[in-house]
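Enquirer:
Residue numbers (full-length UniProt numbering): 1 to 167.
1) Rounded to whole angstroms, what is the Cα-Cα separation between residue 209 and residue 83?
2) Alpha carbon to alpha carbon, how far is residue 97 from residue 131?
3) Anyone know if the C-beta pair for residue 110 and residue 135 falls short of 8 Å?
4) Suppose the cutoff is 7 Å on Cβ atoms and the five residues either side in sequence are ignored; what does the same chain contact list for residue 133 look like?
5) Rounded to a whole number of angstroms, what is the C-alpha to C-alpha distance between residue 63 and residue 92?
6) Around the Cβ of residue 51, are there at least 16 other Cβ atoms within 10 angstroms (buried) or fewer (exposed)?
7) To which residues does DSSP link residue 134 through a beta bridge?
8) For residue 150, report the span of its alpha helix (DSSP H) as first-last.
9) Pull up the DSSP beta-bridge partners for residue 89, would you.
10) Would you mind stating whether residue 146 and residue 118 have Cβ atoms separated by less than 8 Å?
11) Does residue 162 pass the burial test, meaning 16 or more other C-beta atoms within 10 Å, or should it be called exposed?
12) Judging by CA-CA distance, which residue of 87, 125, 68 and 32 is the nearest neighbour of residue 138?
13) Measuring straight from C-alpha to C-alpha, what distance separates residue 53 and residue 166?
14) Who pairs with residue 115 in a beta bridge, going by DSSP?
15) Taking the alpha-carbon of residue 58 as reference, which of 42, 27 and 158 has the nearest alpha-carbon?
What follows is the structure, given as structure tokens:
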């Protein structure tokens, strides 16, 4: 499964220039912009308003487990315009390992320019680097735009993911 041209992890560490777009690891200074993006995601996904303190707390927890979590941003002219977050795990049954994309959001004004594909590609490359053999993603059932995007990136409906919300 490919989504754009292949880049290396080392390029990502120093930032990849895609025209004017830089793709790099998310840093604490990016969190205010990430909060704005996550609240933009709420336009198509169900959920409560995202607060900075909550994102900051979760990011701190994620930073303590870098082998488990990867957070990447896309930036144009110093402004964060995209964010992707993934978790990397193995199970007893599925020993190869799975990278699960938890969130992907590109600000409305920058959609359709290939930024999301590049972010997905980063997760694919990191999964391969770690020896994992698949990337998965879930979307809201009603988010047909996201489902179409992921299909264009090579994803298919291989599994059914059921969820249960706690009140």
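All C-beta atoms, glycine included, are put in the ideal place defined by N, C-alpha and C. Since the model is a prediction, treat every value here as computed from it, not as a measurement.
Expert: Based on what the coordinates show:
1) A question about residue 209 goes unanswered here, because the residues of the chain that appear run from 1 up to 167.
2) Sequence index remark: in the chain shown, residue 97 carries index 97 (1-based). Sequence index remark: in the chain shown, residue 131 carries index 131 (1-based). Each residue's alpha carbon lies about 7 Å from the other.
3) Within the chain shown, the letter at position 110 stands for residue 110. Within the chain shown, the letter at position 135 stands for residue 135. Cβ distance not < 8 Å, so residue 110 and residue 135 don't count as in contact.
4) For this step, residue 133 is matched to residue 133 along the chain shown. Excluding positions up to five away in sequence, the list reads 96 and 97.
5) The sequence position of residue 63 within the chain shown is 63, counting from 1. The sequence position of residue 92 within the chain shown is 92, counting from 1. Taking the straight line from one Cα to the other gives about 25 Å.
6) In the chain shown, counting from the first residue as 1, residue 51 sits at position 51. Of the other Cβ atoms in all chains shown, fewer than 16 fall within 10 Å of the Cβ of residue 51; this residue is therefore exposed.
7) By 1-based counting over the chain shown, the position of residue 134 is 134. Note: residue 134 sits in a beta bridge opposite 98.
8) For the purposes of this step, residue 150 is taken as the residue at position 150 of the chain shown. Counting along the chain, the unbroken alpha helix (DSSP H) around residue 150 starts and ends at 144-152.
9) For this step, residue 89 is matched to residue 89 along the chain shown. Here residue 89 is bridged, per DSSP, to 98.
10) The residue you call residue 146 lines up with position 146 of the chain shown. The residue you call residue 118 lines up with position 118 of the chain shown. Contact check for residue 146 against residue 118 fails: the beta carbons are separated by 8 Å or more.
11) As a working mapping, residue 162 is identified with position 162 in the chain shown. By the neighbour-count criterion, in which 16 or more other beta carbons inside 10 Å mark a residue as buried, residue 162 falls on the exposed side.
12) The residue given as residue 138 occupies position 138 in the chain shown. Out of 87, 125, 68 and 32, 87 has the C-alpha closest to the C-alpha of residue 138.
13) Within the chain shown, numbered from 1, the residue matching residue 53 stands at position 53. Within the chain shown, numbered from 1, the residue matching residue 166 stands at position 166. Take the alpha-carbon of residue 53 and the one of residue 166: they are about 21 Å apart.
14) One-based indexing of the chain shown puts residue 115 at position 115. Its beta-bridge partners do not exist; DSSP assigns none.
15) One-based indexing of the chain shown puts residue 58 at position 58. Nearest neighbour of residue 58 by Cα position, chosen from 42, 27 and 158, turns out to be 27.
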